[in-house]
Structure formats: structure tokens, C-alpha cells
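If you read the sequences in order, they're chains A and B.
Residue 46 in this note's numbering is what sits at position 65 of the first sequence, and the numbering runs on without skipping anything.
If you want this note's numbering, it's the 1-based position in the second sequence plus 54.
Where is the CB? At the ideal position from N, CA and C, for every residue including glycine.
In what follows, a structure is listed as C-alpha cells, so that the remarks can point back to it.
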Amino acid sequence: AQSVSQHNHHVILSEAASLELGCNYSYGGTVNLFWYVQYPGQHLQLLLKYFSGDPLVKGIKGFEAEFIKSKFSFNLRKPSVQWSDTAEYFCAVRNYGGSQGNLIFGKGTKLSVKP
Amino acid sequence: DAGVTQSPTHLIKTRGQQVTLRCSPKSGHDTVSWYQQALGQGPQFIFQYYEEEERQRGNFPDRFSGHQFPNYSSELNVNALLLGDSALYLCASTWGVTDTQYFGPGTRLTVL
């Protein structure tokens, strides 16, 4: 069965520190990749996505992610975090094409940014 | 432009009861997917509706059923509730089955 692994359950950083959250998936075919964010008390929001093309994807709020096909990875990065980035981050994968529209999510990484 | 809306926000039921959750998709979207998010976990896919039919189903028992109406809104029904059904139920909508999914705020179901 396909799966998505997020390596860190809880990450604590100080403001201005750099962030990298790991995500690996198990499916060997063509995939669409997503990072969603859930701020405290809010619903899941799309941060960025990769469908095809340039493997370095830029999203909202200064986030970016790199798709490395050979490593089955889609790590999320931000050069300098802010207190407002405190949230839970979810990586998700979808099989490309056909009727495979459902997303498979990782367990999430909680990010706490200290002011 | 209204996003995905869900009702109710919270719900408390007892074991054995039945529950119906509702979802209205984002304007222009015709496909609705339902997910269950247990505490401390990522969302798990329940099923997806497109053109008023269930198109895909995740690993959930038949106690979980759904419906999509001609206006693309959707319901999730859960029968014979178990304590383990306590979770946040999320609805996501897209245009077509493979477009980006946009999520609603969820319905928090507590089963006592």
C-alpha cells in the first residue's frame, strides 16, 4: 500500500531559523505532490503543489519544496521562519491520472516557532 | 467567492447512533471528497463523489456511506457509531477528480 512518511513529529525553532521538513512517499509511478498547512483553529490550506516541470516549487508565504524523484522525496523549506508559521504541516501524494483522485497524507509535522 | 462549507461544526453522539454530515463545495467545483482526521493523524480518505456517484473509496466499512446532490453538495452518513469514529471529518472539493483539492473547516464528531 502507498504511504507517506513525515520524519519529524514536532519541530521547534526560533524566529529567523531555517526550516526543512522531510517527506518521503512509497509510490513508484507518476505522482502529484502537495504540502498543506493547518494553522491553529483554521482549516487545511494548500501551501504548494507539484504536478510536473521544474522540481523546485515555490508556494505562498516564502515556502518552497523540491521534488527529488530518485529519492521519492518532496521536502519543504523556508529560509527564515516567523512566529506566524507556527502550524501543522502535512505532505500529501496523489497517483497521477485516471480515477486516482484521492490524496494520501502523512501524519503531519507540528512546527512551533519561538518569538 | 465562498469556499468549502461544512455543517455542523461540532456534533456529539452516543454509540450506536447514526449521524449525517453536510458539505457544500467551493463555487465551480463538481467533485467532493471526504476524509477522516483522527487526533494526531493526517487525514484519511473515505470516498469521493463525482456526477452523483461514488467514484473511489478508501478502507472504510460500509457503515460509512454518502450521497451527492445535483447541486454538487454532499452528505456523509455514518451508521452504528463506534467510539473510534470520533474524529474531525473533512470535506474537500475540486473541479474534476484530479484537480487540486480545497478543504472545508471540518465537522468535529465526538462519540460517547
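The beta strand (DSSP E) that contains residue i, what's its start and end?
i          : result
Trp16(A)   : 12 to 19
Leu84(A)   : No beta strand (DSSP E) contains Leu84(A), which DSSP labels as neither H nor E.
Gln122(B)  : 118 to 122
Trp88(B)   : 85 to 91
Tyr8(A)    : Run containing Tyr8(A): none; DSSP gives neither H nor E here.
Lys30(A)   : 26 to 31
His(-9)(A) : -9 to -5
Glu105(B)  : Where Glu105(B) is concerned, there is no enclosing beta strand (DSSP E), given that its DSSP letter is neither H nor E.
Ala141(B)  : 141 to 148
Ile66(B)   : 64 to 67
Tyr70(A)   : 68 to 76
Ile41(A)   : Element bounds for Ile41(A): n/a, residue is neither H nor E.
Lys59(A)   : 54 to 59
Gln131(B)  : This sequence places Asn at residue 131(B); Gln is not what is there. Note, Asn131(B): beta strand (DSSP E), 128 to 132.
Lys91(A)   : 90 to 95
Val165(B)  : 161 to 165
Gln60(B)   : 59 to 61
Thr154(B)  : Counting along the chain, Thr154(B) falls outside any beta strand (DSSP E), and DSSP gives it neither H nor E.
Ser190(B)  : This structure cannot settle anything about residue 190(B), because the visible part of chain B is limited to 55 through 166.
Leu0(A)    : 0 to 2
Does the beta carbon of residue i sit closer than 8 angstroms to a beta carbon anywhere in chain A?
i         : result
Gln102(B) : yes
Leu65(B)  : no
Arg95(B)  : In the sequence under discussion, the amino acid at residue 95(B) is Gln, which differs from the Arg named in the question. At least one chain A Cβ lies under 8 angstroms of Gln95(B).
Ser127(B) : no
Ser61(B)  : no
Leu144(B) : yes
Gly112(B) : yes
Phe123(B) : no
Phe99(B)  : yes
Ala56(B)  : no
Please look up how many angstroms separate the CB atoms of residue i and residue j, rounded, as I've assumed it's under 8 angstroms.
i         : j           : result
Leu166(B) : Asp139(B)   : Contact doesn't hold; Cβ gap of about 11 angstroms is too wide.
Phe71(A)  : Phe86(A)    : 5 angstroms
Tyr143(B) : Leu135(B)   : Not confirmed; about 12 angstroms, so no contact.
Gln110(B) : Val86(B)    : Actually they do not touch by this definition, with Cβ atoms about 12 angstroms apart.
Leu27(A)  : Phe44(A)    : About 11 angstroms separates the two Cβ atoms, so there is no contact after all.
Val74(A)  : Gln(-13)(A) : Contact doesn't hold; Cβ gap of about 11 angstroms is too wide.
Gly89(A)  : Glu69(A)    : 5 angstroms
Leu37(A)  : Cys4(A)     : Their Cβ separation, rounded to whole angstroms, is 15 angstroms, which puts Leu37(A) and Cys4(A) out of contact at 8 angstroms.
Gln98(B)  : Gly112(B)   : 6 angstroms
Report yes or no: is there a C-beta of chain B within less than 8 angstroms of the C-beta of residue i?
i        : result
Phe71(A) : yes
Leu27(A) : yes
Lys30(A) : yes
Closer than 7 angstroms, Cβ to Cβ, to anything on chain B: give me those residues from the stretch 13 to 25 of chain A, in chain order. Answer set for the stretch 13 to 25 of chain A: His24, Leu25.
Using a Cβ-Cβ cut-off of less than 8 angstroms, list which residues of the stretch 81 to 96 of chain A approach chain B; keep chain order. So the list reads Gln81, Gly82, Asn83, Leu84, Ile85, Phe86, Gly87, Lys88, Gly89, given in the order they occur along the chain.
Give the residues from the stretch 147 to 160 of chain B that approach chain A closer than 9 angstroms (Cβ to any Cβ), ordered along the chain. Per Cβ criterion, the list reads Thr148, Gly150, Val151, Thr152, Asp153, Thr154, Gln155, Tyr156, Phe157, Gly158, Pro159, Gly160.
Select from the stretch 72 to 87 of chain B all residues with a C-beta closer than 9 angstroms to any C-beta belonging to chain A, and list them in chain order. Flagged, chain order: Thr85, Ser87.
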